[in-house]
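Report on the following structure.
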Amino acid sequence: MAQSTTNDFEDITKFDVIQLLHEKCLDSVTEYIFSLLNISCLKAAETVSKLWYSIIKKEKIWEKQYGKLNFKDSALSLLLQRRISEGFNIVDDEFLPKRLLNAYEKVQMNWTTGKNLKKMVKVGHCSRFIMDSNRIIVIESTLSVTMWNRWTLEAEDLPVQSDNTLSELTHLDLSEDLLFCSYRDGTIVAWDITKKNILYQFTDEIMSGFDLKIHIAHGLLVSFKTVAGDDWGCNQTMFSVRSLKTPSNIVTQEVTNRIPCARVKDVTSDDNYFIVFLFCSNHCVVSPDDFKIQLRSVNIFEVLREICGIMSSNEIFSYFKGWLVAGLTSVRVWDIEKGICQYTIPAAFDNSNEYEMQVADVQLDGEHLIIRDTSGIFTVWRFMTTNKQSIIPSKERINLLSSTSVTLSGERMKRGYQKFKFDHLQIVSVHTEEDDLNGPCDLLTIRNFF
Numbered sequence: 001m002a003q004s005t006t007n008d009f010e011d012i013t014k015f016d017v018i019q020l021l022h023e024k025c026l027d028s029v030t031e032y033i034f035s036l037l038n039i040s041c042l043k044a045a046e047t048v049s050k051l052w053y054s055i056i057k058k059e060k061i062w063e064k065q066y067g068k069l070n071f072k073d074s075a076l077s078l079l080l081q082r083r084i085s086e087g088f089n090i091v092d093d094e095f096l097p098k099r100l101l102n103a104y105e106k107v108q109m110n111w112t113t114g115k116n117l118k119k120m121v122k123v124g125h126c127s128r129f130i131m132d133s134n135r136i137i138v139i140e141s142t143l144s145v146t147m148w149n150r151w152t153l154e155a156e157d158l159p160v161q162s163d164n165t166l167s168e169l170t171h172l173d174l175s176e177d178l179l180f181c182s183y184r185d186g187t188i189v190a191w192d193i194t195k196k197n198i199l200y201q202f203t204d205e206i207m208s209g210f211d212l213k214i215h216i217a218h219g220l221l222v223s224f225k226t227v228a229g230d231d232w233g234c235n236q237t238m239f240s241v242r243s244l245k246t247p248s249n250i251v252t253q254e255v256t257n258r259i260p261c262a263r264v265k266d267v268t269s270d271d272n273y274f275i276v277f278l279f280c281s282n283h284c285v286v287s288p289d290d291f292k293i294q295l296r297s298v299n300i301f302e303v304l305r306e307i308c309g310i311m312s313s314n315e316i317f318s319y320f321k322g323w324l325v326a327g328l329t330s331v332r333v334w335d336i337e338k339g340i341c342q343y344t345i346p347a348a349f350d351n352s353n354e355y356e357m358q359v360a361d362v363q364l365d366g367e368h369l370i371i372r373d374t375s376g377i378f379t380v381w382r383f384m385t386t387n388k389q390s391i392i393p394s395k396e397r398i399n400l401l402s403s404t405s406v407t408l409s410g411e412r413m414k415r416g417y418q419k420f421k422f423d424h425l426q427i428v429s430v431h432t433e434e435d436d437l438n439g440p441c442d443l444l445t446i447r448n449f450f
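This is the structure in structure tokens:
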């Protein structure tokens, strides 16, 4: 319609429904019509005539479109956070919803085409990193922590070291502005990022030769201690559950239990469960390749269900809201509750049912599934279905992923940490480069899609 109006505006205005409705004081109907338009069509509608533009502005169509989309998609919240971090005045910006929606449309297009802007920063030797909507927090050389602003790449060292000893850092987790750090000696530190001080510090039972993992969700702090003990002839995992009522109120009186003959490989959570991935290590009872997935309750951390047999202990895996992706030379997408493999990448009808390079890491969210192989290359698939309730088990094949993918060139991974993380706006990864003067150095690589 916009093009026809440009060519012969005088004729088309005779059939301009918006103008006719406006003349009859039916602006509520025009508002409804404009509310049905997507971002591109709404931009085009503004150029049709001054009347159309004025109605769109008066009825706050951009604001309403922003509100509807922001409810469904967290990308707009990230775009807003980025704008705040870069120092823009969002309070007095009357065009803010329109700017954010235009930026959102650009982000969607960039993911489709693979277009991104890459930036790198040196991080010494990275053993682990986490990120939220504003920050990337890196363990460097297992003894220090650096926080990077995701949008400006400003760095800040965090003196989170335990008061007791210079122990090795093992894991990090974030709960709002509290950074939780676990140490090899059993110490857990809660560091307040805004106040820049240690809020809490406590120590689990000290044992030799254990790995301490932590996870915070649903108001609980869960810590796992995996001990290689000769007394039992297999690994033992002890876990503690502490209540995290508020950032300033951590209940240190914990519930402690153990998972016999098992090593915790990873732990995560969603709205319904804590999900614990276990490698069973009692060679006398089960195969050393036996891999279990426990679904635990979000209130008292009790086991609700245990799943076995859908993946082996050496597979690379990731979990998101009921979907598990796992593999090594090919990747399978599982409905974890039903135990159904919904998709395999590469697909069975491809010439090869394996990747030329092994999978180094795999991650997914509600919109994308990304595979990074050992050559450093990223393969991005559109994740078509996020609402598990819409999937009805049947004999017919259900396509969860797009039929095509986008390939992003990557950096060759020579050693060390191979994990990456991503959200709607960025892919963050680590790779190693050789420096003739200082030797090998890890680089944090941020691919921006905005």
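Just so you know, we're using UniProt numbering here: the sequence shown kicks off at 1 and counts up by one.
C-beta: ideal position from N, C-alpha, C; glycine also.
Item: Separation of residue 64 from residue 321, as counted between CA atoms; Value: 28 Å
Item: CA-to-CA distance, residue 279 to residue 235, given in whole angstroms; Value: 9 Å
Item: Contact check, residue 119 vs residue 446, beta carbons under 8 Å; Value: yes
Item: Segment contact flag, the region 105-113 with the region 127-147, C-beta cutoff 8 Å, min 3 pairs; Value: no
Item: Proximity winner among 220, 238, 216, relative to residue 226 (alpha-carbon distances); Value: 238
Item: Beta-carbon proximity list for residue 361, same chain, < 7 Å, skipping 5 on both sides; Value: 316, 372, 418, 419, 420
Item: Residue span of the beta strand (DSSP E) that contains residue 197, given as start and end; Value: 197-203
Item: Test item: CB-CB of residue 400 and residue 298 under 8 Å; Value: no
Item: For residue 19, the three-state DSSP class (helix, strand or coil); Value: helix
Item: Strand pairing of residue 262, partner residues [DSSP]; Value: 280
Item: Separation of residue 366 from residue 448, as counted between CA atoms; Value: 18 Å
Item: Short Cβ contact (8 Å threshold) for residue 364 with residue 318; Value: yes
Item: Residue from 211, 137, 174, 135 whose Cα sits closest to the Cα of residue 167; Value: 211
Item: Where the beta strand (DSSP E) containing residue 178 begins and where it ends; Value: 178-183
Item: Limits of the unbroken alpha helix (DSSP H) element including residue 67; Value: 61-72
Item: For residue 108, three-class secondary structure by DSSP; Value: helix
Item: Straight-line gap, residue 66 to residue 35 (C-alpha atoms, nearest Å); Value: 11 Å
Item: Residue closest to residue 41, alpha-carbon to alpha-carbon, out of 70, 101, 95, 86; Value: 101
Item: Residue 462, enclosing beta strand (DSSP E) - first and last residue; Value: What the structure shows of the chain is the stretch from 1 to 450, and residue 462 is not part of that stretch, so it cannot be assessed.
Item: N- and C-terminal bounds of the alpha helix (DSSP H) containing residue 50; Value: 50-58
Item: Alpha carbon of residue 173 to alpha carbon of residue 216, nearest angstrom; Value: 7 Å
Item: Close-in-space but distant-in-sequence residues of the same chain around residue 394 (CB under 7 Å, 5 per side omitted); Value: Note that residue 394 scores a pLDDT of 41, beneath 50, so its modelled location is shaky and nothing firm can be said.
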